[in-house]
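Visitor:
2 protein chains.
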Amino acid sequence: MPEIRQNLATKEWVIIATERAKRPEDFVSKKKTLTENKPARIDTCPFCPGNESQTPPEVFRISDEKGWLIRVTPNKYSALNESGERIRCFNGINRLMTGVGFHEVVIESPLHNTTIALSNLSHIELIFKTYKSRILELYKDERVELIIPFKNHGESAGTSLEHPHSQIIALPLIPHPVRARIEEAIRYFDDNGECVHCKMIQDEICCNQRLICDSKHFVSFIPYAAFSPFHIWIYPKKHNASYINITDEEVQDLAIVMKTTLLKLYKGLGDPDYNYVIRTAPKDEGNNEALHWYVSLIPRITKTAGFELGSGMFINTALPEKSAEFLRNVQI
Amino acid sequence: MPEIRQNLATKEWVIIATERAKRPEDFVSKKKTLTENKPARIDTCPFCPGNESQTPPEVFRISDEKGWLIRVTPNKYSALNESGERIRCFNGINRLMTGVGFHEVVIESPLHNTTIALSNLSHIELIFKTYKSRILELYKDERVELIIPFKNHGESAGTSLEHPHSQIIALPLIPHPVRARIEEAIRYFDDNGECVHCKMIQDEICCNQRLICDSKHFVSFIPYAAFSPFHIWIYPKKHNASYINITDEEVQDLAIVMKTTLLKLYKGLGDPDYNYVIRTAPKDEGNNEALHWYVSLIPRITKTAGFELGSGMFINTALPEKSAEFLRNVQI
Chain A
1 MPEIRQNLAT KEWVIIATER AKRPEDFVSK KKTLTENKPA RIDTCPFCPG
51 NESQTPPEVF RISDEKGWLI RVTPNKYSAL NESGERIRCF NGINRLMTGV
101 GFHEVVIESP LHNTTIALSN LSHIELIFKT YKSRILELYK DERVELIIPF
151 KNHGESAGTS LEHPHSQIIA LPLIPHPVRA RIEEAIRYFD DNGECVHCKM
201 IQDEICCNQR LICDSKHFVS FIPYAAFSPF HIWIYPKKHN ASYINITDEE
251 VQDLAIVMKT TLLKLYKGLG DPDYNYVIRT APKDEGNNEA LHWYVSLIPR
301 ITKTAGFELG SGMFINTALP EKSAEFLRNV QI
Chain B
333 MPEIRQNLAT KEWVIIATER AKRPEDFVSK KKTLTENKPA RIDTCPFCPG
383 NESQTPPEVF RISDEKGWLI RVTPNKYSAL NESGERIRCF NGINRLMTGV
433 GFHEVVIESP LHNTTIALSN LSHIELIFKT YKSRILELYK DERVELIIPF
483 KNHGESAGTS LEHPHSQIIA LPLIPHPVRA RIEEAIRYFD DNGECVHCKM
533 IQDEICCNQR LICDSKHFVS FIPYAAFSPF HIWIYPKKHN ASYINITDEE
583 VQDLAIVMKT TLLKLYKGLG DPDYNYVIRT APKDEGNNEA LHWYVSLIPR
633 ITKTAGFELG SGMFINTALP EKSAEFLRNV QI
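Which chain is which? The protein sequence lines are A and B, in order. Oh and the first sequence: position 149 is 149 in the numbering used here, straight run, nothing missing. Oh and the second sequence: position 247 is 579 in the numbering used here, straight run, nothing missing.
1. So L512/B contacts chain A; which residues on that side make the cut at Cβ distance below 7 Å?
2. Using a Cβ-Cβ distance cut-off of 8 Å, determine whether A573/B contacts chain A.
3. Could you work out which residues of chain B lie near M1/A, taking near to mean beta carbons separated by less than 7 Å?
4. Candidates L453/B, I348/B and N383/B: which alpha carbon is nearest V583/B's?
5. Going by DSSP in three states, I369/B sits in which element: helix, strand or coil?
6. If contact is defined by three or more beta carbon pairs under 8 Å, each pair taking one atom from either stretch, is the region 152 to 167 of chain A in contact with the region 283 to 294 of chain A?
7. In chain order, what residues of the region 134 to 145 of chain A put their CB closer than 7 Å to some CB of chain B?
8. Taking the CB atoms as reference points, tell me whether Y626/B and Y567/B lie closer together than 8 Å.
9. Under 8 Å between beta-carbons, which chain B residues line up against C207/A? List them in chain order, please.
10. Comparing the C-beta of S228/A with each C-beta of chain B, is any distance below 8 Å?
11. In the structure shown, what three-state DSSP assignment does A502/B receive?
12. DSSP on F60/A, reduced to helix/strand/coil?
13. Is Q499/B buried or exposed, if buried means 16 or more other CB atoms sit within 10 Å of its CB?
14. Count the CB pairs spanning the region 343 to 357 of chain B and the region 644 to 659 of chain B that are closer than 8 Å, and state whether there are at least three.
15. Got a sec, what are the start and stop residues for the beta strand (DSSP E) V295/A sits in?
16. What is the DSSP secondary structure of P282/A, counted as helix, strand or coil?
17. Where do the N-terminal and C-terminal ends of the beta strand (DSSP E) with Y520/B fall, by residue?
18. Of the choices S441/B, E516/B and I480/B, whose alpha-carbon is the least far from that of T396/B?
19. What in chain B is Cβ-close to Q6/A, meaning under 8 Å?
20. Could one say the Cβ of A349/B lies closer than 8 Å to chain A's Cβ atoms, at least one of them?
21. V277/A versus chain B: which residues are under 7 Å apart at the beta carbon?
22. Is it the case that the Cβ atoms of F422/B and Y608/B are separated by a distance below 8 Å?
23. Relative to the alpha-carbon of I439/B, which residue among N661/B, H508/B, I394/B and F553/B has its alpha-carbon at the smallest distance?
24. Using the Cα positions of A637/B and L211/A, report the straight-line distance between them to the nearest angstrom.
25. Could you have a look at N81/A and say whether DSSP puts it in helix, strand or coil?
26. For R279/A, I'd like the list of residues in its chain whose CB is within less than 7 Å of its CB, leaving aside the five on either flank, ordered along the chain.
27. At 7 Å on the CB atoms, spell out the chain B contacts of A117/A, in chain order.
28. Let me confirm a value: A40/A is counted as buried when at least 16 other C-beta atoms fall within 10 Å, else exposed. Which label applies?
29. Along the chain, where does the alpha helix (DSSP H) that runs through L327/A open and close?
30. For I244/A versus L136/A, is the C-beta spacing smaller than 8 Å?
31. Since S628/B meets chain A, which of its residues come closer than 8 Å, beta carbon to beta carbon?
32. Which whole-angstrom value is the C-beta distance of L126/A and F102/A, which I expect to be below 8 Å?
33. DSSP state of H112/A, grouped into three classes?
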């Protein structure tokens, strides 16, 4: 009998289609070239060293004696405009807002053929510290309400450039689905007097059926009602609404958990395409005791279709417990 | 300056990225073989005539003197179980429901190399009448709360079988995002004393900037805050919460509007992959005066990435008014 599972924090239902469930091995990607087998530098890549003039001027850089390690630049094809007033108005019966905000690119390494799974820990720390620096900087702009740092790895994850990079979008509003999640978390807090995410973390650690990696400050697991095969959540154990509060010690630990988790995916599933996103509190909700930041990591190994688009509900053809067990057993 | 548009009915925000906007021609699909150039019958296709024994036993059929025209069978890899009790329970702190419901396949034609865009109107009517018959039949099951008829056309729309078919999933619950849309529509009705969808339809017809096809009973247009390039809504003009109320005369007209709209996509964009879904009221809301059924049609010509997954908000690189103009000008 298939199960329909509901996520405690988001209230979203997922059909775990046990009758059509596949083995974890069936999700191994058929990618032609692993990231590590690509060239270390490509002349025509705008993010490779030597081509710095092809990007808009840098807004942030980390260097060592040999040159830059990480660069942040505005996105050349920005979805939002840095200048201009934030104005809400009507266009006939429809609502409209000026598209102000920021859209930045974090070029994660001078090397073309690397990715977090293959990077050393100190370099991964720099990437996650860069996110924090940029969020702090962009929040100074009073038009910004919410910041979304995210990564698209591979073509089916929506990236057009191969060179390792992530993006940061600073929005002048809070999208409807983000607000709905916040409201669910507040409702849980009202009813139970505790953070729903803290509750889930404790439960995942305690039941130990879906854990992938458990360290001092962070834990990664496949949620009970995972949307899709190998959908993973990475959480700080300490209650914290906003990513901007992460400490240096915690970043060190986050680097370990991100690398371990991503390397297990890389080795176990053959460098699958994936997205991750940091779900952090809106600027004005940074101290909301009902909220808890986390990273949502979604390997793009199945396709969403008409049912998902129409219902907002997912059919997952992998059993979360089996997928987690598979990843735990991947030797790295 | 990019625009951030909000859909009046769903409250969802979309960034219309005018700075990175592409011309309608840039979305033409690079598909190798158009549907019409595929073979009319494939020996190994389980949906082609002669292979009827490869599907589970038929639950519905329309035939003429030469044989079947449309067949409906349970999905061989059903996401839900037809038998069993609908039980909600807890699994530790998590909520769980037995996966009962129906998952059917509508084999739309004996021909392998056709699709709605290429079918004759009387055949398209039969497809849409089939949906109605099956919904009426499945609603008799008291465990069913919501039915989602949908179609996946092409590989990037998530289909694994080329033969023209659609699917019907009958759910034992109302998914969270569907409930959220219903609540928004009710709120609008409370505030304004009219159906928000009726209001949008009147406005689209009146402003005539995003219309594709306008007939006696139906209208198709690109919504003001379209999620993605060529995202289209097809609406009955007469207020009606549930698809089961569609009349024979209306089905005739729906066939014209579906064919016209899909043929314009087929010719204008080179047979793009797409999904459509019929958004109809839950069983118990069939007379809710705030709700209005419609078809949402989503060509899969761009990819969703980390930002969309993280924010639930979309970046559309096409201006809805330009896309609609392009489709209006496609000669069919």
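Ideal Cβ positions, reconstructed from N, Cα and C, are used throughout, including at glycine.
Guide: Checking against the coordinates, here is how it stands:
1. Walking along the second sequence from the start, residue 512/B turns up at place 180. Position check: residue 512/B holds Ala in this sequence, whereas Leu was assumed. Ordered by position in chain A, the residues that pass the 7 Å Cβ test against A512/B are A180.
2. Along the second sequence, one-based indexing puts residue 573/B at 241. So, not an interface residue.
3. Locating residue 1/A in the first sequence gives position 1, where the first residue counts as 1. By Cβ distance, chain B contributes N413, G416, T430 and G431.
4. Position 251 of the second sequence holds residue 583/B. For V583/B, the nearest C-alpha among the options comes from L453/B.
5. Position 37 of the second sequence, counted from the start, is the residue given in the question as residue 369/B. Note that residue 369/B is Asn in the sequence shown here, rather than Ile. Residue state, collapsed to three classes: helix.
6. no
7. none
8. By one-based count along the second sequence, residue 626/B stands at place 294. By one-based count along the second sequence, residue 567/B stands at place 235. Against a cut-off of 8 Å, the Cβ pair of Y567/B and Y626/B comes out as a contact.
9. As a working note, residue 207/A is residue 207 in the first sequence. Result: G424.
10. Position 228 of the first sequence, counted from the start, is the residue given in the question as residue 228/A. Not one chain B Cβ lies under 8 Å of S228/A.
11. Counted from its first residue, the second sequence places residue 502/B at position 170. The answer is strand: DSSP assigns A502/B an E or B state.
12. In the first sequence, counting from the first residue as 1, residue 60/A sits at position 60. In the structure shown, F60/A sits in a strand (DSSP, three-state: E or B).
13. Indexing the second sequence from 1 puts residue 499/B at position 167. It is buried - the Cβ of Q499/B has at least 16 other Cβ atoms within 10 Å.
14. yes
15. As a position in the first sequence, residue 295/A is number 295, starting the count at 1. Residues Y294 to P299.
16. Residue 282/A sits at position 282 when you count from the first residue of the first sequence. The answer is coil: DSSP assigns P282/A none of H, G, I, E or B.
17. As a position in the second sequence, residue 520/B is number 188, starting the count at 1. It is not in any beta strand (DSSP E) - Y520/B instead sits in the alpha helix (DSSP H) that spans H508 to N524.
18. On the second sequence, position 64 is the one that residue 396/B refers to. The residue asked about is misnamed: residue 396/B is Asp in this sequence, not Thr. Among S441/B, E516/B and I480/B, the Cα nearest to that of D396/B is on S441/B.
19. The residue given as residue 6/A occupies position 6 in the first sequence. Within chain B, the residues near Q6/A are N426, R427, L428 and M429.
20. Here residue 349/B refers to the residue found at position 17 when the second sequence is read from its first residue. Yes, A349/B counts as interfacial toward chain A.
21. The residue labelled residue 277/A in the question sits at position 277 within the first sequence. Near V277/A (Cβ distances below 7 Å), the residues of chain B are G638, L641 and G642.
22. As a first step, residue 422/B is located in the second sequence; it is residue number 90 there, counting from the start. As a first step, residue 608/B is located in the second sequence; it is residue number 276 there, counting from the start. Cβ distance not < 8 Å, so F422/B and Y608/B don't count as in contact.
23. Indexing the second sequence from 1 puts residue 439/B at position 107. That would be I394/B, whose Cα lies nearest to the Cα of I439/B.
24. As a working mapping, residue 637/B is identified with position 305 in the second sequence. As a working mapping, residue 211/A is identified with position 211 in the first sequence. Each residue's alpha carbon lies about 25 Å from the other.
25. Residue 81/A sits at position 81 when you count from the first residue of the first sequence. Strand.
26. Numbered from 1 along the first sequence, position 279 holds the residue referred to as residue 279/A. Here the set comprises W293, Y294 and S296.
27. Taking the first residue of the first sequence as position 1, residue 117/A is located at position 117. Within chain B, no residue comes near A117/A; the closest Cβ sits about 16 Å away, beyond 7 Å.
28. Translated into positions along the first sequence, residue 40/A becomes position 40. Exposed: under 16 other Cβ atoms inside 10 Å.
29. Translated into the one-based positions of the first sequence, residue 327/A becomes position 327. That run of the alpha helix (DSSP H) goes P320 to R328.
30. For the purposes of this step, residue 244/A is taken as residue 244 along the first sequence, with counting starting at 1. For the purposes of this step, residue 136/A is taken as residue 136 along the first sequence, with counting starting at 1. Yes.
31. Sequence index remark: in the second sequence, residue 628/B carries index 296 (1-based). Correct list: L309 and G310.
32. Locating residue 126/A in the first sequence gives position 126, counting from the first residue. Locating residue 102/A in the first sequence gives position 102, counting from the first residue. That belief does not hold up - the Cβ atoms of L126/A and F102/A are roughly 20 Å apart, past 8 Å.
33. Position 112 of the first sequence holds residue 112/A. H112/A: coil per DSSP, three-state reduction.
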